[in-house]
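>
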Amino acid sequence: MKLFPLKSPKLIYIITRAHGLRTHLLKSEDISVLSKAPDLSTIVEGLLKGDYAQDVSAIPSEKINAISLTEVLYRKLVERFYFIVKITDGSLRKFFEAYAKRFEVDNIKRILRVKHGKETITEEMLIPIPREYTTVNFPAMAGARDLDESVGLLKETMYAPLIDKIELYKRYNTTLIFEGLLESLYFKELWYNIEELPGKNDIKDMIGKEMDLKNLILILGLKAKNLPAELIETSLITLYYKLNKTIISSIIQERPESTFPVLMGTYYNKYFQGLKDFVEKNMISDIEHSIFNSLFNEHYKIMREKPLSLVFVLAYLSLCEFEAKNMTAIVTGKQLGLSEEKLKSILFL
Numbered sequence: 010m011k012l013f014p015l016k017s018p019k020l021i022y023i024i025t026r027a028h029g030l031r032t033h034l035l036k037s038e039d040i041s042v043l044s045k046a047p048d049l050s051t052i053v054e055g056l057l058k059g060d061y062a063q064d065v066s067a068i069p070s071e072k073i074n075a076i077s078l079t080e081v082l083y084r085k086l087v088e089r090f091y092f093i094v095k096i097t098d099g100s101l102r103k104f105f106e107a108y109a110k111r112f113e114v115d116n117i118k119r120i121l122r123v124k125h126g127k128e129t130i131t132e133e134m135l136i137p138i139p140r141e142y143t144t145v146n147f148p149a150m151a152g153a154r155d156l157d158e159s160v161g162l163l164k165e166t167m168y169a170p171l172i173d174k175i176e177l178y179k180r181y182n183t184t185l186i187f188e189g190l191l192e193s194l195y196f197k198e199l200w201y202n203i204e205e206l207p208g209k210n211d212i213k214d215m216i217g218k219e220m221d222l223k224n225l226i227l228i229l230g231l232k233a234k235n236l237p238a239e240l241i242e243t244s245l246i247t248l249y250y251k252l253n254k255t256i257i258s259s260i261i262q263e264r265p266e267s268t269f270p271v272l273m274g275t276y277y278n279k280y281f282q283g284l285k286d287f288v289e290k291n292m293i294s295d296i297e298h299s300i301f302n303s304l305f306n307e308h309y310k311i312m313r314e315k316p317l318s319l320v321f322v323l324a325y326l327s328l329c330e331f332e333a334k335n336m337t338a339i340v341t342g343k344q345l346g347l348s349e350e351k352l353k354s355i356l357f358l
């Protein structure tokens, strides 16, 4: 039996490299052990034994804190993503570049949330995207006087449509109005770049689920703010995978106490099992964590069940992202003095 039957040498190469790279990821047991560490210094000792050693050891001891460690964690995450971009070409490279634009979207969200709260954000607090891979001037956005000015700086980028949402933002006073559009622009470009990929159905399934679930979370978040149904409909991701406009409209139109039964009637009912109280009490962050914890475990399963497919590489990158989120939660939680039980509840395990 042939391994990689009918696959091109380039595809074999990237999948093989991803197999080697996955051995550098922290195991769930490692995350669990680090979450129980008594303090930051113990966590640093743990990080010095793996992939983060060089960057962590470069931090002066007096500057070791949650912020400096988070910088290291996200620098490594970006390095892992763009390593895959650099070893690909053609349609594969276009796809992985488009997939990595999730960092741009995340940075824009961070800046707009901070500007909305009239607080200060520095470039060091953003995901460090290499300049050659972004058209967004993040230093200027972070340094802008207010949210209006930040959004205006997106004029020459793919995110320019956000400018048209400023008046709605001012009327309803929530950055969620921008977030659906950001995700919509991101997934539209990403979806377009899937078509020429080998094994595209597996890729579509993984990305499509993430896209639909983000839309459902966004609907619940917008409904929790009692925004008009017409506004919610215009503030969502416009692509669907296993959802459609009829389903979306029915969820939007339902009264809060009837929303959960409607969700349970969708293709994604398993992701909402056990979340009835969270949905009825508008506990959006808890809903989001539960859903993405399910995706984390699914992506782990993909790596076991589809080791010879391109989707293995995508699942590897997703687990890189979950690792950064887990470790950021741990170092921040330790600095804030969160209890072991509370910290465990916000990890992806």
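If you're matching positions, the sequence shown starts at 10 in our numbering and goes up one per residue. Every residue gets a Cβ at the ideal spot worked out from N, C-alpha and C, and that includes glycine.
Spatial neighbours of T247 within its chain, please: C-beta separation below 7 Å, excluding the five flanking residues on both sides.
If we look at T247 and ignore the five residues flanking it on each side, its Cβ neighbours are S193.
> Checking contacts by CB at 8 Å: is L156 closer than that to chain D?
Of the protein chains in the structure, only one exists, and it is not chain D.
> How do the segment 243-262 and the segment 224-231 stand: do at least 3 beta-carbon pairs fall below 8 Å, yes or no?
A contact exists between the segment 243-262 and the segment 224-231.
> Contact between the segment 324-333 and the segment 76-90: three or more CB pairs below 8 Å?
Counting Cβ pairs under 8 Å, three or more are found: they touch.
> With 16 as the cutoff for other CB atoms within 10 Å, does E219 come out buried or exposed?
With 16 or more other Cβ atoms within 10 Å, it is buried.
> Please determine, among E165, S44, M150 and P207, the residue with the shortest C-alpha to C-alpha distance to R102.
The option with the nearest alpha carbon to R102 is P207.
> Measure the Cβ-Cβ separation of K110 and E188 and say whether it is below 8 Å.
Against a cut-off of 8 Å, the Cβ pair of E188 and K110 comes out as no contact.
> Can you name the start and end residues of the alpha helix (DSSP H) that S77 belongs to?
Counting along the chain, the alpha helix (DSSP H) containing S77 begins and ends at A75 to K95.
> Given that a residue counts as buried once 16 or more other Cβ atoms are within 10 Å of its Cβ, and exposed if not, what is D48?
Exposed.
> Excluding five sequence neighbours on each side, which residues of the same chain lie with their C-beta closer than 7 Å to the C-beta of Y83?
For Y83, where only same-chain residues beyond five positions count, the Cβ hits under 7 Å are I136, P137 and A333.
> Where M10 and T51 are concerned, what is the direct C-alpha to C-alpha distance, given to the nearest angstrom?
Model confidence at M10 stands at a pLDDT of 39, short of 50, so the residue's coordinates are unreliable and nothing is read from them.
> Grouping DSSP H, G and I as helix and E and B as strand, with all else coil, what is D48?
Coil at D48, not helix or strand.
> Thinking just about the alpha-carbon of each residue, which of E205, M167, D214 and K213 is nearest to the one in L191?
Nearest option by C-alpha distance: M167.
> Please state whether DSSP places M10 in a helix, a strand or coil.
Unreliable placement is indicated for M10, whose pLDDT of 39 sits below 50; the coordinate value is still reported in the next sentence. M10: coil per DSSP, three-state reduction.
> Apart from the five residues just before and just after I300, which ones in its own chain have a Cβ nearer than 7 Å to its Cβ?
Correct list, in chain order: L222, I226 and Y280.
> Give a yes or no on whether the C-beta atoms belonging to A107 and I130 are separated by under 8 Å.
Contact: no.
> Looking at I175: is its Cβ nearer than 8 Å to the Cβ of L163?
No, Cβ-Cβ distance for I175 and L163 is not below 8 Å.
> Looking at K179 and D155, is the spacing between their C-beta atoms short of 8 Å?
No, the pair does not count as a contact, with Cβ atoms beyond the cut-off.
> Return yes when the Cβ of K285 is within less than 8 Å of the Cβ of F305, no when it is not.
In this structure, K285 does not lie closer than 8 Å to F305 by Cβ.
> Taking only the alpha-carbon atoms, compute the straight-line gap between A338 and I256 and give it to the nearest angstrom.
Each residue's Cα considered, the two are about 34 Å apart.
> Going by Cα to Cα distance, which pick from G29, D214 and V340 is closest to E54?
Nearest of G29, D214 and V340 to E54, Cα basis: V340.
> Give me, in chain order, the residues of the same chain whose beta-carbon lies closer than 7 Å to that of Y195; leave out the 5 immediate sequence neighbours on both sides.
The answer, listed in chain order, is K110, R111 and V114.
> Nearest CA to the CA of M292: which residue from I311, H308 and P265?
The option with the nearest alpha carbon to M292 is P265.
> Is it right to say T79 is buried, meaning 16 or more other beta carbons lie within 10 angstroms of its own, or is it exposed?
Per the 10 Å Cβ criterion, buried.
> With DSSP as the reference, label R119 as helix, strand or coil.
Reduced to three states, the DSSP call for R119 is helix.
> CB L319 to CB L43, shorter than 8 Å?
No, they are not a contact pair.
> Tell me which residue opens and which closes the alpha helix (DSSP H) that Y250 is part of.
Unbroken run through Y250: none, as it is neither H nor E.
> Which term fits E350, buried or exposed, when burial requires 16 or more other beta carbons within 10 angstroms of its beta carbon?
Its Cβ having fewer than 16 others within 10 Å, E350 is exposed.
> By how many angstroms is the C-alpha of I23 removed from the C-alpha of A297?
Looking at the sequence shown, residue 297 is not Ala but Glu. Their Cα atoms are separated by approximately 31 Å.
> Whose C-alpha, out of L272, K127 and L57, is nearest the C-alpha of V288?
Ranking the options by Cα distance to V288, first place goes to L272.
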